[in-house]
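S.K.: Before I ask anything, let me first share the structure, which is written out below as structure tokens.
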Amino acid sequence: MSALIIVLLILLILFMGNQVSWLFTPLNDFFSIVGLPIILAGIFYYLLNPIVDLLEHKMKINRTLTITGVFIIVIALLVWGVWSLIPVINEQLQSLIKSFPSYVDQFNNVINGLGSHPMFQQFHKEVAHFTDMAASELSQRSNEYIKTTVNSLGSVLGTLTTVAIALITMPFILFYLLRDGDRLPHYIAKFVPTRLQSSFLNVLSEINHQISSYIRGQLTVAFFVAIMFCLGYYAIGLKFALTIGIMAGILNLIPYLGSFLAMIPAVIVGLFISPWMLVKVLIVFAIEQTIEGRLLSPLILGSNLKVHPVTIIIVLLAAGKMFGVIGVIFGIPGYAVAKVLITHLFNWYQTNSDLYETDDGDSEGKQSEKD
71 MSALIIVLLI LLILFMGNQV SWLFTPLNDF FSIVGLPIIL AGIFYYLLNP
121 IVDLLEHKMK INRTLTITGV FIIVIALLVW GVWSLIPVIN EQLQSLIKSF
171 PSYVDQFNNV INGLGSHPMF QQFHKEVAHF TDMAASELSQ RSNEYIKTTV
221 NSLGSVLGTL TTVAIALITM PFILFYLLRD GDRLPHYIAK FVPTRLQSSF
271 LNVLSEINHQ ISSYIRGQLT VAFFVAIMFC LGYYAIGLKF ALTIGIMAGI
321 LNLIPYLGSF LAMIPAVIVG LFISPWMLVK VLIVFAIEQT IEGRLLSPLI
371 LGSNLKVHPV TIIIVLLAAG KMFGVIGVIF GIPGYAVAKV LITHLFNWYQ
421 TNSDLYETDD GDSEGKQSEK D
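Numbering (my numbering), first residue to last: 71 to 441.
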């Protein structure tokens, strides 16, 4: 089945669901509470489950004891990482805030220098006029902004409460996922008709493979990307190297677009320091992209998802428009899951429908799963 047909079917399902969105309000309220801890627990499950399996089977350690030990090590590493990185990041952010006025002065000097040239005089006047209008508009709307901020405090507190609940409940969900996760598909299959259980388990296995490959691969690549950018920016003497490098690793979780978004803050800082620093930033970016594209991504990610780059871009644009940042991050694995479901449903329909039978009564052939 072509990628275009799958995308169109997914969009059609979303459109139809939107027409009766009121039916999903209770589900939305439910998932707004339990969705975040389940997603976080799922991510950590795919990261930690191979380690737990290795220790249990290779070293013959009790699974519950293994999970407890892994929990202790992970918590210790997280505490150490936060304790070590937060002061450095905070110091760099404070330095960035203090340096910002000087960056603005440098920008104004560049604009004023261009404004003295006859070619740019009209442009300089328009920029000055726009700046005056923006300042006046900001002054007039300041009270409105303050009221909006005060009114939004309730939603901010609600969000913080949701995050706090997620952080508290997530370890418990993760513990039971690691302990009983392998038995979960067979338990769910009990509610499926007997003759469909085998196919149902195959679908769950394929979905599990798609999600695990994506999560482990993307997080591993993002980790190495953050390290490469941090080392590269430190090597060239770029300010705020650690903060910008970590930001680059996080943005790299967005396929294709993340790499270019990660370059923007480094380019801005390098541009304000000196033209030569900007050149060095671009060199670091070129080296990182070469290593990531030629070595890291093929070695770690491979082609497990079998998704065409054009399909990825379409999914990212659509998911970002509908669900914002969450859609951009989880759009690709969501598409991979939907692709598995739709492909298997289509194959089942193709096998059982008279529309796909040839003259001799045989099926036309299995549906290709390649995009």
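We put the CB at the ideal spot given by N, CA and C, even for glycine.
(1) So LEU244 and VAL291 are supposed to be a Cβ contact under 8 Å. How far apart are they, rounded?
(2) In this structure, how does DSSP classify ASN119 when only helix, strand and coil are distinguished?
(3) Mind checking VAL354: buried by the 16 CB within 10 Å criterion, or exposed?
(4) Quick check on the burial criterion: 16 or more other C-beta atoms within 10 angstroms. Buried or exposed for HIS288?
(5) Helix, strand or coil for THR219 per DSSP?
(6) Between MET298 and chain D, is the shortest Cβ-Cβ distance under 7 Å, so that the two count as touching?
(7) When the Cβ atoms of the stretch 321-341 are set against those of the stretch 259-272, are three or more pairs found closer than 8 Å?
(8) Assuming the contact rule is C-beta atoms closer than 8 Å, ARG286 and ILE137 should be a hit. Round their C-beta distance to whole Å, please.
(9) Within 8 Å, do at least three Cβ pairs link the stretch 411-425 to the stretch 338-358?
(10) On the DSSP letters alone, give me the boundaries of the alpha helix (DSSP H) that MET392 sits inside.
(11) Three or more C-beta pairs under 8 Å: does that hold for the stretch 126-140 against the stretch 250-262?
(12) CA-CA distance, PRO345 and ALA389?
(13) When you compare the CB positions of PHE310 and GLN162, do they come within less than 7 Å of one another, or not?
(14) When we look at the beta-carbon of ASN38 and count the other beta-carbons within 10 Å, is it buried (16 or more) or exposed?
(15) Assign VAL220 to buried or exposed, taking buried as 16 or more other Cβ atoms, counted over all protein chains shown, within 10 Å of its Cβ.
(16) So, is SER165 buried or exposed, given that buried needs 16 or more other C-beta atoms within 10 angstroms?
(17) Are the CB atoms of ALA318 and PHE299 nearer to each other than 7 Å?
(18) Could you check the C-alpha separation between VAL262 and GLY340 for me, to the nearest Å?
(19) Grouping DSSP H, G and I as helix and E and B as strand, with all else coil, what is TYR246?
(20) Distance check for GLU276 and LEU155, CA to CA, integer angstroms please.
(21) From this set, GLY112, SER169, ALA336, ARG364, which residue's C-alpha is nearest VAL351's C-alpha?
(22) Going by Cα to Cα distance, which pick from VAL385, ASP424, ASN417, ILE238 is closest to ALA406?
(23) Give the secondary structure of TYR326 by DSSP, where H, G and I count as helix, E and B as strand, and everything else as coil.
(24) Hey, would you say TYR116 sits closer than 7 Å to SER282, going by beta carbons?
(25) Would you call GLU434 buried or exposed, if buried means 16 or more other Cβ atoms sit within 10 Å of its Cβ?
(26) Is VAL262 helix, strand or coil when you go by DSSP?
(27) Please list, in chain order, all residues of the same chain as ILE382 whose beta carbon is under 7 Å from its beta carbon, the five residues on each side excluded.
(28) CA-CA distance, THR360 and ALA296?
(29) Do VAL158 and LEU312 count as a contact pair if the criterion is CB distance below 7 Å?
(30) Just reading off the alpha helix (DSSP H) that SER269 is part of, what are its end residues?
(31) Specify, as a first and last residue, the run of the alpha helix (DSSP H) that PRO368 falls within.
(32) If you compare alpha carbons, which of VAL398, LEU425, VAL104, PHE400 is closest to ALA234?
(33) Can you give the Cα-Cα distance for LEU266 and GLN420, rounded to whole angstroms?
(34) Measuring CB to CB, does ALA111 end up less than 7 Å from MET240?
M.R.: According to the structure shown:
(1) Actually they are not in contact, since the Cβ atoms of LEU244 and VAL291 sit about 23 Å apart, beyond 8 Å.
(2) Reduced to three states, the DSSP call for ASN119 is helix.
(3) buried
(4) According to the sequence shown, residue 288 is Gln rather than His. Flag for GLN288 reads buried.
(5) Interpretation of THR219 is limited by its pLDDT of 49, a score under 50 that renders its predicted location unreliable; no figure is taken from the coordinates.
(6) Here there is only one protein chain, and chain D is not present.
(7) no
(8) Not a contact, Cβ separation roughly 18 Å.
(9) no
(10) 379-422
(11) no
(12) Our two residues, PRO345 and ALA389, have alpha carbons roughly 37 Å apart in a direct line.
(13) yes
(14) There is no way to answer for residue 38, as the model of the chain reaches only from 71 to 441.
(15) Any reading at VAL220 needs caution, since the residue's pLDDT is 49, under 50, leaving its predicted position unreliable; the model's value is listed next. With fewer than 16 other Cβ atoms within 10 Å, it is exposed.
(16) So SER165 counts as exposed.
(17) yes
(18) 59 Å
(19) helix
(20) Roughly 38 Å separates the two Cα atoms.
(21) ALA336
(22) Relative to ALA406, the option among VAL385, ASP424, ASN417, ILE238 whose CA is nearest is VAL385.
(23) coil
(24) yes
(25) Note that GLU434 has pLDDT 46, beneath the 50 cutoff, so the model's placement of it is unreliable and the number below is only indicative. Here GLU434 is exposed: its Cβ has fewer than 16 other Cβ atoms, across all protein chains shown, within 10 Å.
(26) coil
(27) PRO325, TYR326, ILE402
(28) 15 Å
(29) yes
(30) For SER269, the enclosing alpha helix (DSSP H) covers residues 267-306.
(31) Unbroken run through PRO368: none, as it is neither H nor E.
(32) VAL104
(33) 16 Å
(34) yes
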